[in-house]
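Using numbering that gives the first Met the number 0, read the sequence shown as starting at 0 and increasing by one per residue.
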Amino acid sequence: MTRKSALARPVVMVVALLAAQLAHAQTVEPKDPERKAEREMLQRAGAEPSALSVELSAGVESDSNVSVNELDANTGEGDLATVVDVDLDYELALDADSDLRLGYGFSGTDHDDFVAYDLQSHLATATIDHDFGTVDATAAYRFIHARLGGHDYLSMQQVSPSIARFFGKKLFVRAEYTYSDKDFADIDLRDATVDAGGADLYCFLKGVRRYVVIGYRYRREDANDAQYDYDANDLKLRLTQRFRVLDRDAILKLGWLYEQRDYSARTPAIGQQRDDDRMRFDATLEIPIGEHFFTVLGYEHGGFSSNLPSADYEENVASIKVGLKY
Numbered sequence: 000m001t002r003k004s005a006l007a008r009p010v011v012m013v014v015a016l017l018a019a020q021l022a023h024a025q026t027v028e029p030k031d032p033e034r035k036a037e038r039e040m041l042q043r044a045g046a047e048p049s050a051l052s053v054e055l056s057a058g059v060e061s062d063s064n065v066s067v068n069e070l071d072a073n074t075g076e077g078d079l080a081t082v083v084d085v086d087l088d089y090e091l092a093l094d095a096d097s098d099l100r101l102g103y104g105f106s107g108t109d110h111d112d113f114v115a116y117d118l119q120s121h122l123a124t125a126t127i128d129h130d131f132g133t134v135d136a137t138a139a140y141r142f143i144h145a146r147l148g149g150h151d152y153l154s155m156q157q158v159s160p161s162i163a164r165f166f167g168k169k170l171f172v173r174a175e176y177t178y179s180d181k182d183f184a185d186i187d188l189r190d191a192t193v194d195a196g197g198a199d200l201y202c203f204l205k206g207v208r209r210y211v212v213i214g215y216r217y218r219r220e221d222a223n224d225a226q227y228d229y230d231a232n233d234l235k236l237r238l239t240q241r242f243r244v245l246d247r248d249a250i251l252k253l254g255w256l257y258e259q260r261d262y263s264a265r266t267p268a269i270g271q272q273r274d275d276d277r278m279r280f281d282a283t284l285e286i287p288i289g290e291h292f293f294t295v296l297g298y299e300h301g302g303f304s305s306n307l308p309s310a311d312y313e314e315n316v317a318s319i320k321v322g323l324k325y
């Protein structure tokens, strides 16, 4: 009997219901702040970015340790998966100083063996920007819906006001507050509200061709069951570098994320409060193939340290995708 046929529905439900927070981790980190910063920089340079952006990609990934970090579980085994990503964005000028941006994103992962970890997530966004002169104010609404193991398990809504401004020609600062409401199907104990606040500093060393992002975020999660309540401090560092390949721009992105979590209540499995330190490093290289097509090579390393044994592990993921954008 294969692992696919051996996975009974009750097991899938337990995995999916608890693991749906992974969908939160993977889909809620929106691309629009970084894109907004790039658009601001391009506009200051006199360029007019396209109002419509479409990006489609598909490929395969190899995971050394199929896991769900928010489930605090890992299989200890590797697997191959097909991945599909869709990203649509449209920007409409409301007046000389205000814009409306609408977006939709889809991400799907389909494993060869561990089908209980198959994840499909949808992200819909609506954002209004207003330029007050020295400061740009933004209000964003996001709706996230996730499916795991072929079933609906998580819906989440976010409201996020932010302010941003340039300091000189090279520094761009953005501060944001985000309120999230997470609703898990069938497991009310995991339902939670989240308050998060932070700031990002963009250093445009060579316009959008080379820039660095340094960010900090504080997050407090308040779940129905106190054992899932925690405070988190996140630090991130990202580098984006564009360079010419066959008369077109290739894009190298390097990222590092550190998260420190302090849980506020005792975890029954270990009889004490949890203390987690999580680190991720990722690297992607996008290589153009003609005017609209591209290939992306990716690598990600995750190191998760915890006094909960099942949450203490490492993971390496390598991927290759082919895509279209315009």
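Backbone N, C-alpha and C fix where the C-beta goes; we use that ideal spot for every residue, glycine too.
{"Check": "List the whole-angstrom C-beta distance separating LEU307 from ARG273, where the pair is believed to meet the contact cut-off of C-beta under 8 Å.", "Outcome": "5 Å"}
{"Check": "Looking only at its own chain, which residues have a Cβ that is under 6 Å from the Cβ of ASP187, when we skip the five neighbours before and after it?", "Outcome": "ASN223"}
{"Check": "Which first and last residues belong to the beta strand (DSSP E) in which ARG237 is found?", "Outcome": "229-244"}
{"Check": "What residues in its chain sit with their C-beta under 8 Å from that of LEU204, if we drop five residues either side in the sequence?", "Outcome": "LYS169, TYR210 and VAL211"}
{"Check": "In three-state DSSP terms, what is ASP187?", "Outcome": "helix"}
{"Check": "Return yes when the Cβ of ASP230 is within less than 7 Å of the Cβ of ASP221, no when it is not.", "Outcome": "no"}
{"Check": "Can at least three beta-carbon pairs, one atom from the region 176-183 and one from the region 146-163, be found at a separation below 8 Å?", "Outcome": "yes"}
{"Check": "Could you tell me the distance, in whole angstroms, from the CA atom of PHE329 to the CA atom of LEU55?", "Outcome": "With the chain covering only 0 through 325, there is no way to say anything about residue 329."}
{"Check": "In the DSSP assignment, the beta strand (DSSP E) including ARG260 goes from what residue to what residue?", "Outcome": "247-266"}
{"Check": "By how many angstroms is the C-alpha of GLY58 removed from the C-alpha of LEU323?", "Outcome": "12 Å"}
{"Check": "Rounded to a whole number of angstroms, what is the C-alpha to C-alpha distance between ALA198 and ALA317?", "Outcome": "30 Å"}
{"Check": "Buried or exposed for GLY102, going by 16 or more other Cβ atoms inside 10 Å?", "Outcome": "buried"}
{"Check": "Count the other C-beta atoms from every protein chain shown that fall within 10 angstroms of the C-beta of SER97, then say buried if there are 16 or more, exposed otherwise.", "Outcome": "exposed"}
{"Check": "Provide the residue span of the beta strand (DSSP E) that contains PHE113, from first to last.", "Outcome": "From DSSP, PHE113 is part of no beta strand (DSSP E); its letter is neither H nor E."}
{"Check": "How would you label ILE319, buried or exposed, when you count the other beta carbons within 10 angstroms and need 16 or more for buried?", "Outcome": "exposed"}
{"Check": "So, with DSSP's three-state summary, where would you put SER309?", "Outcome": "helix"}
{"Check": "Going by Cα to Cα distance, which pick from ASP86, ASP128 and THR74 is closest to LEU51?", "Outcome": "ASP86"}
{"Check": "Do ASP135 and SER106 have their C-beta atoms closer together than 7 Å?", "Outcome": "no"}
{"Check": "Could you check whether LYS235 and GLY214 sit closer than 7 Å to each other, using their CB atoms as the reference points?", "Outcome": "yes"}
{"Check": "By DSSP, does GLU76 sit in helix, in strand, or in coil?", "Outcome": "coil"}
{"Check": "From VAL67 to ALA138, what does the alpha carbon distance come to, in whole angstroms?", "Outcome": "31 Å"}
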